[in-house]
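Everything below concerns the one structure shown next.
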Amino acid sequence: MLTELKRAVWEALMELPRSGLVQGTSGNVSGREGDKVVIKPSGVPYEKLQPEDLVVVDLEGNVIEGNLKPSVDTLAHLEIYRALPDVGGVVHTHSVYATVFAVLGRELPVYTTELADLFGGPIPVSSFMPPGDRGIGQEFAQKTGPDDIALC
Numbered sequence: 006m007l008t009e010l011k012r013a014v015w016e017a018l019m020e021l022p023r024s025g026l027v028q029g030t031s032g033n034v035s036g037r038e039g040d041k042v043v044i045k046p047s048g049v050p051y052e053k054l055q056p057e058d059l060v061v062v063d064l065e066g067n068v069i070e071g072n073l074k075p076s077v078d079t080l081a082h083l084e085i086y087r088a089l090p091d092v093g094g095v096v097h098t099h100s101v102y103a104t105v106f107a108v109l110g111r112e113l114p115v116y117t118t119e120l121a122d123l124f125g126g127p128i129p130v131s132s133f134m135p136p137g138d139r140g141i142g143q144e145f146a147q148k149t150g151p152d153d154i155a156l157c
């Protein structure tokens, strides 16, 4: 089920540690096709992850396919998908610099033309939410649109 989407999500996942955007098993990627979402399983090291390890859930979080537990952030991803129906994928990282801004509660400034062209303005930061809290997704959806980025 959803073989092409699983491959695309897996390829995006493999870029996260290579790019230095995650440490350990943190962060995740999900992709949506209709009312199904493919997401990284919880706690699996990136170097051991294979496309067939990804979990398929419905928009309510029920596991449709997969033997592993979906990411702790599944509920947050689902909140984004429900609030923003045009969004087809979510990438959740823990970049060192973005995390510092988030911990300080400061939006990420846009100083270069390239960043301004890409993001249009400062990248907003959400208030603190415990890991796995669906409020992460709710706040993200409130602060952004389908083409935006936010630090949550």
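Counting from 6, one number per residue, gives the positions in the sequence shown under this note's numbering. Even glycine gets a Cβ: it sits at the ideal position worked out from N, Cα and C. Nothing here was measured: the structure is a model prediction, and the numbers come from that model.
Integer-rounded CB distance, given that residue j should sit under 8 Å from residue i
i	j	result
V60	G48	Actually they do not touch by this definition, with Cβ atoms about 12 Å apart.
L73	P46	4 Å
Cut-off 7 Å between Cβ atoms - residues of its own chain near residue i, not counting five sequence neighbours on either side
i	result
T79	I44, V62, G66
L7	E38, K41, V43, V61
K11	V43, P56, L59
H82	S35, V42, I44, V95, G142
Alpha carbon of residue i to alpha carbon of residue j, nearest angstrom
i	j	result
V130	A103	9 Å
L120	G126	8 Å
V92	M19	21 Å
T117	S31	29 Å
K53	F106	31 Å
R111	P136	19 Å
S3	P114	Since the first and last residues shown for the chain are 6 and 157, residue 3 lies out of range.
S76	V68	11 Å
V108	P90	29 Å
G29	F133	21 Å
Where the alpha helix (DSSP H) containing residue i begins and where it ends
i	result
V43	V43 -> not in any alpha helix (DSSP H); beta strand (DSSP E) instead, spanning 41-44.
D122	118-124
R12	8-23
I128	Segment: none, I128 is in no alpha helix (DSSP H) and carries neither H nor E.
E84	79-88
V115	Run containing V115: none; DSSP gives neither H nor E here.
V105	101-109
Residues near residue i in its chain [Cβ-Cβ closer than 6 Å; skip 5 each side]
i	result
Q143	E84
R139	L80, A81, E84
V27	L21, T98, H99
Unbroken beta strand (DSSP E) run spanning residue i, endpoints
i	result
V96	94-97
V61	60-63
Own chain partners of residue i with C-beta closer than 8 Å, once the 5 adjacent residues on each side are dropped
i	result
I154	Any answer about I154 is weak, because its pLDDT of 49 lies below 50 and its placement is not dependable; what the coordinates show is given next. F124, I128, listed in sequence order.
beta-carbon residue i near the ligand ZN non-hydrogen atom, thresh 8 Å
i	result
L7	For the ligand ZN, the structure offers nothing, since it holds no ligand at all.
Stretch pair the segment 30-43 + the segment 83-96: three plus CB contacts closer than 8 Å: yes
Sufficient close CB pairs (3 or more, under 8 Å) joining the segment 13-21 to the segment 51-60: yes
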